[in-house]
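FYI, the numbering for the sequence shown is 5 to 332, going by the numbering used here. The C-beta atom is built at its ideal place from N, Cα and C for all residues, glycine as well. Fair warning: this is a prediction, and the values are worked out from it, not measured in the lab. The next block holds one structure in the form of structure tokens; read it before the comments.
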Amino acid sequence: MKNDNDTHFLAAMEINTTFSTPVGFLISGFQNLQHSDYYFIFLAFVYLGTVVANFFLMYIIWVSECFHTPKYIAVFNLSVVDVSISTALIPKCIHQFLFESKFVSYETCLTQMLFVHFLHILESFSLVVMGYERLITICFPLRSSTINTNSRMIFIIGFCWVLSLISFVVAVVFITRLSFCQPVPVIKSYFCDHGPVFKEACSSYTSNWTIARVYIVSYFFVPLALISLSYVCIIAALSRISSAQGRWKAFKTCMAHLALVAMYFIPILVTYMIGWSNVLVDTNTRILNTSLSMTLPPLLNPIIYTLKTEEVMGQIKKFIRKRKASPV
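The following block contains the structure:
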């Protein structure tokens, strides 16, 4: 199935002059991988599940007054980010690869790059905010309600949104300063990914490499270090509880957050450590790994948090009982 973008792409390919700003990009996706269309059909179901699970969790938090606390404001924010990043990424991928429309205009490519990476950074920040909430609650139980109020949590989350957006706007601005020798460079990825895009430039992209490295350390390694430090403090605080049952009961409130952290950060660490070690990785393997690490956590986050949090499960059961008791 061809569209106007494809016609535009074919016309641009006939031009043999050197381009500073390309007409657009061709998203190559998997390299000669048979039946790759089935993978994008799988992503369509992942997206559907992500939207349903996250909106259901957001609805439960919204209608339950007992959840109008800093902890669940942070959980609500994570669900908003999960739905947003999946919406910015998956529908466009499905359209490109199932409907043979792999040409993306220059402006559309930069827009997708901005939103996907901005939201990816924001998800990292959201997990740090949730770790901060657990730290205050467990280490300062008597003063947690005054230290971490609803308004303060909303301010912290708003600051994270603004910082994430401004940070990646800077990265996109540096992309616009690059020169490309081809009118339609081929991007070896499944979306307009930051690294694969700037590597296609024929001008020096040293500054882009520097930005990428700084962002990886600042927005993924540092947040993971902060979360780890918060749990060192939490474990130290729990060790002062005399009852083993009390220690376990308090630590159980952290289990859902720890599961989300592991599921989000482990694939990222593996991906970037392999990339920095200069190990040659097959394009298909890299795309499969990065796409799963960006699309599965938004689906699994609300499911894991719901199943591992007794308060949420209790409210869901209460909600279902009310629905059954209500007249049709």
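Given this structure, state the Cα-to-Cα distance separating residue i from residue j, to the nearest angstrom.
i    : j    : result
I19  : Q186 : Residue placement at I19 is poorly supported in this model, since its pLDDT is 43, which falls under 50; the coordinates still yield a value, given next. Rounded to the nearest angstrom, the two C-alpha atoms are 9 Å apart.
L114 : S90  : 17 Å
C206 : P189 : 10 Å
R244 : S155 : 31 Å
F323 : L264 : 25 Å
T21  : L93  : Residue placement at T21 is flagged as unreliable, the pLDDT there being 46, under the threshold of 50; a coordinate-derived value is accordingly withheld.
P74  : F195 : 35 Å
R147 : M157 : 15 Å
A329 : E69  : 20 Å
I151 : G318 : 27 Å
H72  : V166 : 23 Å
L37  : L303 : 25 Å
I65  : V226 : 30 Å
F13  : V56  : At F13 the pLDDT is 47, less than 50, meaning the model places this residue with poor confidence and gives no usable figure here.
S193 : D41  : 15 Å
I191 : G33  : 8 Å
K106 : K253 : 51 Å
Along the alpha helix (DSSP H) that carries residue i, what are the first and last residues, could you check?
i    : result
G33  : G33 -> no alpha helix (DSSP H), and no H or E assigned at all.
H198 : H198 to F202
T289 : T287 to L311
I245 : First-last for I245: undefined, no H or E at that position.
S211 : T210 to I220
Q319 : E314 to A329
Y223 : Note, Y223: premise wrong, no alpha helix (DSSP H); not H, not E.
A205 : Segment: none, A205 is in no alpha helix (DSSP H) and carries neither H nor E.
L182 : Here L182 belongs to no alpha helix (DSSP H), and DSSP marks it neither H nor E.
S40  : S40 to V67
Name the one or two DSSP bridge partners that residue i has.
i    : result
I191 : I31
Query - the stretch 213-223 contacting the stretch 157-177, beta-carbon criterion three pairs below 8 Å - result: yes
Query raised in the report: Which ranges would you report for the beta strand (DSSP E) in the stretch 97-179 if only whole runs of at least 3 residues count?
Result: 107-109
Query raised in the report: Does the stretch 136-143 come close enough to the stretch 178-193 to have 3 or more Cβ pairs within less than 8 Å?
Result: no
Query - Stretch pair the stretch 292-309 + the stretch 48-63: three plus CB contacts closer than 8 Å - result: yes
Query raised in the report: Taking three-plus beta-carbon pairs below 8 Å as touching, is the stretch 117-128 in contact with the stretch 43-54?
Result: no
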